[in-house]
Amino acid sequence: MVTDPVSLMREYLLGLQARITSAIAEIDGKSFLSDAWEKEPGSPLQGSGVTQILEDGAVFERAGCGFSHVSGPKLPPSATQHRPELAGAPFEALGVSLVFHPRNPYVPTVHMNVRMITARPAGGEPVSWFGGGMDLTPYYGFEEDAVHFHRTCAQALAPFGADKYPRFKAWCDDYFCLRHRGEQRGIGGIFYDDLTELGFDGGFALTRAVGDAFLHAYLPIVQRRKDTPYGERERQHQLYRRGRYVEFNLVWDRGTHFGLQSGGRTESILLSMPPLVRWAYDERPAPGTPEHRLLTEFLVRRDWL
1 MVTDPVSLMR
11 EYLLGLQARI
21 TSAIAEIDGK
31 SFLSDAWEKE
41 PGSPLQGSGV
51 TQILEDGAVF
61 ERAGCGFSHV
71 SGPKLPPSAT
81 QHRPELAGAP
91 FEALGVSLVF
101 HPRNPYVPTV
111 HMNVRMITAR
121 PAGGEPVSWF
131 GGGMDLTPYY
141 GFEEDAVHFH
151 RTCAQALAPF
161 GADKYPRFKA
171 WCDDYFCLRH
181 RGEQRGIGGI
191 FYDDLTELGF
201 DGGFALTRAV
211 GDAFLHAYLP
221 IVQRRKDTPY
231 GERERQHQLY
241 RRGRYVEFNL
251 VWDRGTHFGL
261 QSGGRTESIL
271 LSMPPLVRWA
281 YDERPAPGTP
291 EHRLLTEFLV
301 RRDWL
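Following full-length UniProt numbering, the numbering of the sequence shown begins with 1 at its first residue and continues without gaps.
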């Protein structure tokens, strides 16, 4: 019987990865490539993981879902900015992170992550905390999709207190913001980090609820939009907006910074990158167009419930 907290989390995460990739492969018709990896002896981090990637599929242009379980001698700055008393402590980190980039511009990109970090300060007891969430980045806005996604998130968090969804929703809006542009990355969702207030059992249960809600939140939207006809205009808009996704992940994302600063596996860390993207100088959609409506009605902070 598994009783160790790290073993419990590892068992759950590997099962979650398998369930999600199986469901996505069934919709797409193409299987994920599974790449098991292990850190080289002498590297800054020790550990292993499984990166699963689907590229050039019928529904998903690139879909990456990675599991990692690593340990290191010293927490990087990105992990201790809110916990300075743990600076320099050895640590163990494990999680599942995914980003799915669909082919059809009417299907939104989605991100989900659930993770746990355990630090072992010298002379002190181990300290564990949880983080995670999910968020949706549409290229064309649909009210029913946004409401469904947020409602599913709210229902997943409801057993853990009435404060959790509004708090984690606001946290998501604050976090997934391109501050250099004053622009939201998408329609948000939920985000939490450094979660210790519920203890291990409560934090683990909440994190499982978030992970288990992902397919319920995303798959109905994929099914609804994946066969919508589109042309070159929609495709070019999708590629342009993907540029914002890249900007956020490289400039602001703490998970990307944590992985790179701690000596993580670069290919697995950057599996969130879209396969194709474009930038243009000061491109602005004309008022009254669906592209303009995305900016003014969807990429803003709203109460979707």
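Just so it is clear, CB atoms sit at the ideal spot from N, CA and C, and this is done for glycine as well.
Burial state of P76 is buried, judged by a 10 Å Cβ sphere holding 16 or more other Cβ atoms. DSSP, reduced to helix, strand and coil, places S48 within a strand of the structure shown.
Pairwise C-beta distances place the stretch 101-110 in contact with the stretch 50-69, as three or more of them are shorter than 8 Å.
Residue F200 holds the alpha-carbon nearest to the alpha-carbon of V127 among D212, F200 and D174. Contact between the stretch 86-101 and the stretch 2-16 is present: three or more C-beta pairs spanning the two stretches fall below 8 Å.
For W279, the number of other beta carbons within 10 angstroms of its own is below 16, and it is reported as exposed. DSSP places F130 in the uninterrupted beta strand (DSSP E) bounded by V127 to T137. DSSP places W171 inside the alpha helix (DSSP H), whose first and last residues are K164 to Y175. Per DSSP, the beta bridge partners of T109 are T137. As a beta-bridge residue in DSSP terms, I53 pairs with L33 and G64.
Burial is judged here by how many other beta carbons sit within 10 angstroms of a residue's own beta carbon; E40 has fewer than 16 and is exposed.
Going by beta carbons, F160 and G202 fall inside the 8 Å limit.
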